[in-house]
Amino acid sequence: MSDDKQPVHSVRRPGAGMEAALKSALGAGAMVLAVGYAATLVYLVVRGAAKVASFTTYATPTNGIDNEEIMRFAVAASIFGAAAWGLMALVRRVATHRGRWSGSLNRGSRVAVVGVASVCALLARNHLPRFLISLPSETTAGGGVGPEIFNTIYFAVLSTTITLPIGVGAAVYLARFARSARFVGVVRTALDTLASLPSIVYGLFGFLVFVVEMNAGYSLFAGAFVLALLNLPLVVGITEESLRAVPRELDEASLALGATSIQTTLRVTLPYAWPGILSALVLSVGRVFAESAPLIMTAGTTISRSNAYSLDPFRGGETLAVHLWYVNSAGLSPDRADVSAGTAAVLVVLVGLTNVLAARFARFGGAEGTRVRKATQ
Amino acid sequence: MGDGVVLADSAHPASDRRHPAARPRVAEAVVRALLVACGLFVVGTTAAMLLFLARTGLRGAVEVGTQLLTGDTWKPEAGVYGGLPLIAGTFASASGAVVLGAVPAVLAAVWLTEFSPASIRRGYRRVMEIASAIPSVVYGWLALVYLVPVMETLAHAIRGADAPVTGEGLAASAVLLAIMVAPTVLLLSLDALSRVPADLRDASSALGASTWQTAFRVSVPFAWRGLLVAVFFGFARAAGETMAVQMVIGGARRLPRDLLFSPTTTISAQIVMDMQEARPGTTQNDVLFSMALILLVVSVAVVLVTRMLGRRGAR
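So the sequences go chain by chain: A and B. Per our numbering, the first sequence starts with residue 8, numbered consecutively. Per our numbering, the second sequence starts with residue 390, numbered consecutively.
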């Protein structure tokens, strides 16, 4: 490339200008992509914020549904809890910077956050933004997403209670107890297949089994089961990875002390890998929030007035994501643009939270994790 | 159960240690059985899923015959089951998404790992992580509100003011799917590129190659399997996407009159729409499972092939 007679650094390689131009074009494109997504995210939250954050001065009447008071308190507590926690984090940062933060202050601040959140929640539970606590409405303006928020969270809980034992069990089996290479191969192929199925196929399966064969109608349980299946490959994959990342010395030390392999797994390996497992579960919760097609076919698209906040898993009910679709493709309410914006904002905030949480948990794991730091201090 | 010790999985060589004090006990046996049961559950449900779908789907396919693949009108209420519009719609919009979304995403990933200032990398990644987690219905809603009108203007600008075109159609759904799959493809590509050993890059630079040459003659060729996996994954996701596409494709159950700007439908969108009317056990219902079976075969094939590529690439 270089000319013999000249020192290398002064040589201008043919095509260098072209490369620089291409590089900046590529960079510009990539930045446009990132800025576009960031702007979309901000827009989604800002556009829906008015709908989500309009506290009322006069008390919103209750609809007389079971558990409605509890639901209002929970929504209020999480809003004020988040606000108080954010404020406290700010104070802590400033105080730490000035060297005036201590362990007892830290504990006190936690108690204060909980206290402030519950008191505010009690006082303001009837002045919450209508949108967050009222029932959806099919034809008139002013519908809310209270039951949808409840169902979304409830789905996450239900499907996690199915995914957690089965997913972790299968991962422990694959990582530590597998004996037959053939069976391991079969399980892995099954997981790969599950991971590759489009979500609509899960929906059809759930519909066929629960609605048709068992004749149970649309139910939250059917939806949660289908979502649990959908999440299994993800949870098993990440759990197995974090189990394999557990240092061999730990296991061997435990075995050398006379613990059986099961005891070692339960008391040493799993606790060590727990942050990784937790982050997998949080990621799977994010997918529960986001999924819609399988839920439409297993849990339906309706909210029934009588049991909107009921814990009965065998009733039907829609989630926020399903509601967003339903409002736009079948709803007749005149304010559906606003309702959609609010629903999307709540959904984006929920999904963003799960993402931040998952990243946080993942950081706790492994050799740099807090658990290890505590143990080795 | 042997003597209560772990052994002989070739994937975990450390596990064939024996401890003489470890005796099999009832509790141990139970836990072990539970763990095996978890594995069996995974295999069992997968098999059940495939069997259920295959049984119903094949029944539908036998009843309807080859018009399921070649017929150009889908009208279940009249007993006409031409699946071509659905299949064509699915593949056209997914391919469009790959061209418009996955390819730029891979290029952006190359830029980010090879040329970008190190300070922006974490933030960039974080934005894309959240963007990839945004529910697809949210993208669908945004597209319905903002993209479809733009497409309509564009359609009239291209085809003439009074051409029979609409904003809904393959163009809108391809752009929507491109926006949807790009973050995921980008993240997978970043992972693939991050596995390129630093030694290779250093060696290339030491030989006098520019960063551009290093990127496109060393890093990309090294990571190409991973990049291919990312793109195929994007295709599979785009082909399987349901609700978002259903919102912007228009829902006309025939081949599009105008290639880009005329309503048509996809397999998954049509399944969701028809499922609400079709009574279980009827041909109308079985045929939907046949369509799902086509989707399933394609995506399983795509993903299994790419996984094989990925595993071989990882070695």
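Note that beta-carbon positions come from the ideal geometry of N, C-alpha and C, so glycine has one too.
message: Please tell me whether Ala328/A and Phe296/A are closer than 8 Å, where the distance is taken between their beta carbons.
response: Within the first sequence, the letter at position 321 stands for residue 328/A. Within the first sequence, the letter at position 289 stands for residue 296/A. Contact: yes.
- prompt: Taking buried to mean at least 16 other C-beta atoms within 10 Å of its own C-beta, is Pro21/A buried or exposed?
  reply: By 1-based counting over the first sequence, the position of residue 21/A is 14. Per the 10 Å Cβ criterion, exposed.
- prompt: Which chain B residues are close to Ile169/A, counting only those with a beta carbon under 9 Å from its beta carbon?
  reply: By 1-based counting over the first sequence, the position of residue 169/A is 162. Within chain B, no residue comes near Ile169/A; the closest Cβ sits about 10 Å away, beyond 9 Å.
message: DSSP has Arg643/B in a bridge; who is on the other side?
response: Translated into the one-based positions of the second sequence, residue 643/B becomes position 254. Per DSSP, Thr462/B.
- prompt: Within the 8 Å Cβ cut-off, does Val219/A reach chain B?
  reply: Here residue 219/A is taken as the residue at index 212 of the first sequence, counted from 1. True, the Cβ-Cβ gap to chain B drops below 8 Å.
- prompt: Looking only at C-alpha atoms, which of Ala81/A, Asn158/A and Ala163/A sits nearest to Ala124/A?
  reply: Taking the first sequence and counting its residues from 1, the one referred to as residue 124/A is at position 117. Residue nearest to Ala124/A within the set Ala81/A, Asn158/A and Ala163/A is Ala81/A (criterion: CA-CA distance).
- request: Would you check if the segment 345-357 of chain A and the segment 148-161 of chain A touch, i.e. whether three or more CB-CB distances between them fall below 8 Å?
  value: yes
- request: Can you tell me which of the three DSSP states Tyr225/A falls into?
  value: The sequence position of residue 225/A within the first sequence is 218, counting from 1. Three-state DSSP puts Tyr225/A in coil, outside helix and strand.
Neighbourhood of Gln659/B by C-beta, 6 Å cutoff - its chain only, sequence neighbours within 5 removed: The residue you call residue 659/B lines up with position 270 of the second sequence. Taken in chain order, the residues that qualify are Leu475.
message: Given a cut-off of 8 Å on the beta-carbon distance, is the pair Leu501/B and Leu536/B in contact?
response: By 1-based counting over the second sequence, the position of residue 501/B is 112. By 1-based counting over the second sequence, the position of residue 536/B is 147. No; because the gap between Cβ atoms is not below 8 Å, this pair is not in contact.
Length at least 3, wholly inside the segment 165-205 of chain A: the beta strand (DSSP E) runs in chain order: none
query: DSSP three-state call for Tyr333/A: helix, strand or coil?
result: Numbered from 1 along the first sequence, position 326 holds the residue referred to as residue 333/A. Tyr333/A falls in the helix class under three-state DSSP.
field: Local conformation of Asp398/B per DSSP, three classes
entry: What you label residue 398/B is simply residue 9 of the second sequence in a count that begins at 1. Caution applies to Asp398/B, whose pLDDT of 42 falls short of 50 and renders its modelled position unreliable; the model cannot decide the point.
Where Ala411/B falls: helix, strand or coil (DSSP): Sequence index remark: in the second sequence, residue 411/B carries index 22 (1-based). Any reading at Ala411/B needs caution, since the residue's pLDDT is 47, under 50, leaving its predicted position unreliable; the model's value is listed next. Here Ala411/B sits in coil by DSSP.
message: Just to confirm, is the Cβ distance from Val527/B to Ala45/A under 8 Å?
response: Here residue 527/B refers to the residue found at position 138 of the second sequence. Here residue 45/A refers to the residue found at position 38 of the first sequence. No, they are not a contact pair.
task: Would you verify that the beta carbon of Tyr513/B is, or is not, closer than 8 Å to some beta carbon of chain A?
output: For the purposes of this step, residue 513/B is taken as residue 124 along the second sequence, with counting starting at 1. Judged by the 8 Å Cβ criterion, Tyr513/B is in contact with chain A.
- prompt: the segment 418-433 of chain B: which residues have C-beta closer than 8 Å to a C-beta of chain A, in chain order?
  reply: Val420, Arg421, Leu423, Leu424, Val425, Ala426, Cys427, Gly428, Phe430, Val431 and Val432
- prompt: I think Phe162/A touches Ala96/A, with their Cβ atoms under 8 Å apart; what is that distance to the nearest whole Å?
  reply: What you label residue 162/A is simply residue 155 of the first sequence in a count that begins at 1. What you label residue 96/A is simply residue 89 of the first sequence in a count that begins at 1. Between Ala96/A and Phe162/A the Cβ distance is about 29 Å, and since that is not below 8 Å, they are no contact.
- request: Any chance you could list the alpha helix (DSSP H) runs of at least 4 consecutive residues sitting entirely within the segment 449-530 of chain B, in chain order?
  value: 456-459, 473-486, 492-503 and 510-522
query: From Ala481/B to Ala563/B, what distance separates their C-alpha atoms?
result: Indexing the second sequence from 1 puts residue 481/B at position 92. Indexing the second sequence from 1 puts residue 563/B at position 174. About 8 Å.
- request: Tell me whether Phe321/A is buried or exposed, calling it buried when 16 or more other Cβ atoms sit within 10 Å of its Cβ.
  value: Translated into the one-based positions of the first sequence, residue 321/A becomes position 314. Phe321/A should be labelled exposed.
message: For Phe296/A, report the span of its alpha helix (DSSP H) as first-last.
response: Numbered from its first residue, the first sequence carries residue 296/A at position 289. Where Phe296/A is concerned, the enclosing alpha helix (DSSP H) stretches over Leu277 to Ala297.
task: Assuming Ala393/A and Leu250/A form a contact by the criterion Cβ under 8 Å, report the distance between their Cβ atoms to the nearest whole angstrom.
output: Since the displayed chain A opens at 8 and closes at 384, residue 393/A lies outside it and no answer follows.
- request: Since I believe Val275/A is in contact with Ser261/A (beta carbons under 8 Å), could you give me their beta-carbon distance rounded to a whole number of angstroms?
  value: Counted from its first residue, the first sequence places residue 261/A at position 254. Counted from its first residue, the first sequence places residue 275/A at position 268. 5 Å between Cβ atoms; contact.
- request: Output the boundary residues of the alpha helix (DSSP H) element that contains Leu129/A.
  value: Locating residue 129/A in the first sequence gives position 122, counting from the first residue. Element bounds for Leu129/A: Gly110 to Ala131.
message: Please report the distance separating the alpha-carbon of Arg186/A from that of Ala422/B.
response: Within the first sequence, residue 186/A is the residue found at index 179, counting from 1. Within the second sequence, residue 422/B is the residue found at index 33, counting from 1. Roughly 13 Å separates the two Cα atoms.
Thr434/B - DSSP class collapsed to helix/strand/coil: Position 45 of the second sequence holds residue 434/B. Shown here, Thr434/B sits in a helix according to DSSP, grouped into three states.
query: Does Ala410/B have its Cβ less than 8 Å from a Cβ in chain A?
result: As a position in the second sequence, residue 410/B is number 21, starting the count at 1. In this prediction, Ala410/B has a pLDDT of 46, which is less than 50 and means its spatial position is unreliable; what the coordinates show is noted afterwards. Yes, because at least one Cβ of chain A sits closer than 8 Å to the Cβ of Ala410/B.
field: Continuous alpha helix (DSSP H) stretch holding His104/A: start and end
entry: Taking the first residue of the first sequence as position 1, residue 104/A is located at position 97. Run containing His104/A: Glu75 to His104, per the alpha helix (DSSP H) assignment.
- prompt: Thr600/B by DSSP, collapsed to three states: which one?
  reply: As a position in the second sequence, residue 600/B is number 211, starting the count at 1. Here Thr600/B sits in helix by DSSP.
query: If you follow the alpha helix (DSSP H) that Glu541/B is part of, which residue opens it and which one closes it?
result: What you label residue 541/B is simply residue 152 of the second sequence in a count that begins at 1. From DSSP, the alpha helix (DSSP H) with Glu541/B extends over Val537 to Arg548.
field: Cβ shell of Leu318/A (< 7 Å), same chain only, five flanking positions each side left out
entry: Translated into positions along the first sequence, residue 318/A becomes position 311. Answer for Leu318/A: no residue qualifies.
- request: Please go through the same chain and pick out, in chain order, the residues whose beta-carbon is closer than 8 Å to the beta-carbon of Thr648/B, but skip the five residues on each side of it.
  value: Here residue 648/B refers to the residue found at position 259 of the second sequence. Looking at the sequence provided, one finds Leu at residue 648/B rather than Thr. By the criterion of a C-beta distance shorter than 8 Å, Leu648/B is surrounded in its chain by Leu559, once the five residues flanking it on both sides are discounted.
task: Locate the alpha helix (DSSP H) running through Thr305/A, then write down its first and last residues.
output: As a working note, residue 305/A is residue 298 in the first sequence. Element bounds for Thr305/A: Ala300 to Thr305.
- request: Rounded to whole angstroms, what's the CA-CA distance from Asp580/B to Pro143/A? Just pull it up for me.
  value: In the second sequence, counting from the first residue as 1, residue 580/B sits at position 191. In the first sequence, counting from the first residue as 1, residue 143/A sits at position 136. Roughly 42 Å separates the two Cα atoms.
query: Based on Cα-Cα distance, which residue from Ala595/B, Val634/B, Ser578/B and Gln635/B lies nearest to Phe611/B?
result: On the second sequence, position 222 is the one that residue 611/B refers to. The option with the nearest alpha carbon to Phe611/B is Ser578/B.
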